[in-house]
Amino acid sequence: MTQCKKCTKNAVVFLPYSGEKLCRKCFLTSVEKRVQKAISHYKMLDRSDRIGVAVSGGKDSVVLLHILNKIEKNFPESKISIIYVDEGISQYSNNNLKVVKKHSLDLDIPLIQSSYKKIYGKTLDDIIKRAEKDENKRLGACSYCGVLRRKALNRAALEANVDCIATAHNLDDETQTILLNFLRGDLNRLARNSPTNKRVHPKLVPRIKPLRTIPEKETTLYAFYRNLKHNSKPCPYAPEAYRDDIRSFLNQIERKRPGTKYNILRLYDKISPQITISQNSIQECSICGEPSVEKICKACQLLS
Numbered sequence: 020m021t022q023c024k025k026c027t028k029n030a031v032v033f034l035p036y037s038g039e040k041l042c043r044k045c046f047l048t049s050v051e052k053r054v055q056k057a058i059s060h061y062k063m064l065d066r067s068d069r070i071g072v073a074v075s076g077g078k079d080s081v082v083l084l085h086i087l088n089k090i091e092k093n094f095p096e097s098k099i100s101i102i103y104v105d106e107g108i109s110q111y112s113n114n115n116l117k118v119v120k121k122h123s124l125d126l127d128i129p130l131i132q133s134s135y136k137k138i139y140g141k142t143l144d145d146i147i148k149r150a151e152k153d154e155n156k157r158l159g160a161c162s163y164c165g166v167l168r169r170k171a172l173n174r175a176a177l178e179a180n181v182d183c184i185a186t187a188h189n190l191d192d193e194t195q196t197i198l199l200n201f202l203r204g205d206l207n208r209l210a211r212n213s214p215t216n217k218r219v220h221p222k223l224v225p226r227i228k229p230l231r232t233i234p235e236k237e238t239t240l241y242a243f244y245r246n247l248k249h250n251s252k253p254c255p256y257a258p259e260a261y262r263d264d265i266r267s268f269l270n271q272i273e274r275k276r277p278g279t280k281y282n283i284l285r286l287y288d289k290i291s292p293q294i295t296i297s298q299n300s301i302q303e304c305s306i307c308g309e310p311s312v313e314k315i316c317k318a319c320q321l322l323s
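Mapped onto this note's numbering, the consecutive letters of the sequence shown carry residue numbers 20 to 323.
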């Protein structure tokens with residue numbers, strides 16, 4: 020049996036990009052330290068921040084909640100709240116809410132709930148059914164949900180008066196988005212992918228991504244070794260084909276060249292200061308009054 024690099028116990032995890040072999044305890048500690056390092060490196064948080072953790076019920080958001088809760092115990096001035104947005108996806112959303120409520124009770128963290136029904140007057144199921152009948156609006160469910168969820172989270176965070184929203188985007192999510200937006204030539208979306216915690220508009224709550232340096236395989240292992248309850252069933256709406264292609268491509272390259280995803284992230288961090296959005300380019304939507312880079316925000320465009 021192979022020995023852990025950091026202690027004398029048996030190794031259970033191998034990290035190809037670093038060559039490390041770690042036991043369960045050292046692996047969990049490694050993930051937590053890297054999350055804390057990312058928070059410090061990117062200056063994501065201040066000591067007294069009110070943090071709204073976006074928890075969907077999936078493994079990544081549950082892992083984020085538990086790690087942040089552990090870290091923030093060393094900063095009694097800070098406060099954590101859970102923000103849950105119910106998209107309205109038949110039984111899937113109900114299962115997610117059960118998971119989120121369990122962790123809220125177990126950790127004694129207040130839960131702030133919102134929903135598409137409350138904000139938009141209809142569920143995602145309703146929106147997709149309507150879109151399927153309209154030839155001009157046959158977008159994938161992910162295209163709708165991504166836009167509507169961002170707006171819903173921001174509104175819930177404003178109402179909760181938190182200083183920032185912590186989302187559970189991991190290394191795989193980040194590199195997929197970077198490459199996707201690069202191939203689309205979308206500078207605005209590339210700029211919004213920055214991890215920096217800056218308020219560019221009074222109505223736009225800053226977002227942080229503490230898991231952005233943690234590979235998805237490691238968040239999965241962390242949830243397993245910590246025995247964290249989560250909804251392991253995939254969303255019934257199929258992911259976008261384009262993103263799936265990017266995911267497959269990156270995973271294939273990573274298997275052949277371990278560390279490729281970290282290289283993409285490091286390169287993005289070097290060039291991102293040159294592609295930030297000017298504060299003057301953010302206005303307020305003429306329909307809903309929410310921050311937008313266009314006269315009418317994307318959510319209102321999709322729902323019109």
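Cβ coordinates follow ideal geometry from the N, Cα and C atoms, glycine included.
Query	Result
Given a threshold of 16 other Cβ atoms within 10 Å of its Cβ, counted over all protein chains shown, does Asn207 qualify as buried or as exposed?	exposed
Using 8 Å as the threshold, is the C-beta distance between Glu91 and Ile99 below it?	yes
Less than 8 Å separating the beta-carbons of Gly77 and His249?	yes
Tell me the residue span of the beta strand (DSSP E) that contains Gln132.	130-134
Quick check on DSSP: helix, strand or coil for Leu223?	coil
Buried or exposed for Cys304, going by 16 or more other Cβ atoms inside 10 Å?	buried
Just how far apart, CA to CA, sit Gly38 and Leu199?	29 Å
Please classify Cys183: is it buried, with 16 or more other beta-carbons within 10 angstroms of its beta-carbon, or exposed?	buried
Return the bridge partner residues of Gly71 from the DSSP annotation.	Ser100, Ile184
Using a threshold of 8 Å, state whether the C-beta atoms of Cys42 and Lys28 are closer than that.	yes
Can you tell me which residues form a DSSP beta bridge with Gln22?	Asn29
Helix, strand or coil for Asp105 per DSSP?	strand
Return the CA-CA distance between Asn64 and Lys152, expressed in angstroms with no decimal places.	Here residue 64 is Leu; the residue named in the question, Asn, does not match the sequence. One C-alpha to the other measures close to 45 Å.
Using C-beta distances below 8 Å, list every residue in its chain close to His85, excluding the 5 sequence neighbours before and after it, in chain order.	His122, Leu126, Arg245, Leu247
If contacts are defined as beta-carbon pairs under 8 Å, then Asp191 and Glu259 qualify, I think. What distance do you get, rounded to the angstrom?	Contact flag wrong, Cβ pair sits at about 15 Å.
Would you check if there are 3 or more beta carbon pairs closer than 8 Å linking the region 102-116 to the region 272-287?	no
Kindly indicate the opening and closing residues of the beta strand (DSSP E) around Glu313.	That residue, Glu313, is in no beta strand (DSSP E); it is neither H nor E in DSSP.
May I ask which residues mark the beginning and end of the beta strand (DSSP E) holding Glu39?	39-41
From which residue to which residue does the alpha helix (DSSP H) around Pro306 run?	The residue asked about is misnamed: residue 306 is Ile in this sequence, not Pro. It is not in any alpha helix (DSSP H) - Ile306 carries neither H nor E in the DSSP assignment.
Rounding to the nearest angstrom, what Cα-Cα distance links Leu209 and Ile294 in this structure?	7 Å
Between Val224 and the rest of its own chain, which residues show a CB-CB distance below 7 Å, the 5 nearest in sequence each way excluded?	Asn173, Ala176, Leu177, Val181, Cys183, Ile184
Taking Cβ to Cβ, would you say Val119 is nearer than 8 Å to Val74?	yes
Do Arg168 and Val104 come within 8 Å of each other at the CB atom, strictly closer than that value?	yes
Between the Cα of Arg262 and those of Thr21, Cys45, Lys170, Ile197, spot the shortest distance and give me the residue it belongs to.	Ile197
CB of Lys62 to nearest heavy atom of the ligand GTP: below 7 Å?	With respect to small molecules bound, the structure shown includes none, and the ligand GTP cannot be examined in it.
What's the C-alpha gap between Ile301 and Lys40?	47 Å
Anyone know if the C-beta pair for Ser134 and Gly107 falls short of 8 Å?	yes
Just the C-alpha distance for Asp288 and Lys137, rounded to the nearest angstrom, thanks.	37 Å
State the Cα-Cα distance for the pair Thr239 and Gln195, rounded to the nearest angstrom.	18 Å
Could you work out which residue in Leu47, Ser97, Ile131, Gln22 is closest to Phe243 when comparing CA atoms only?	Leu47
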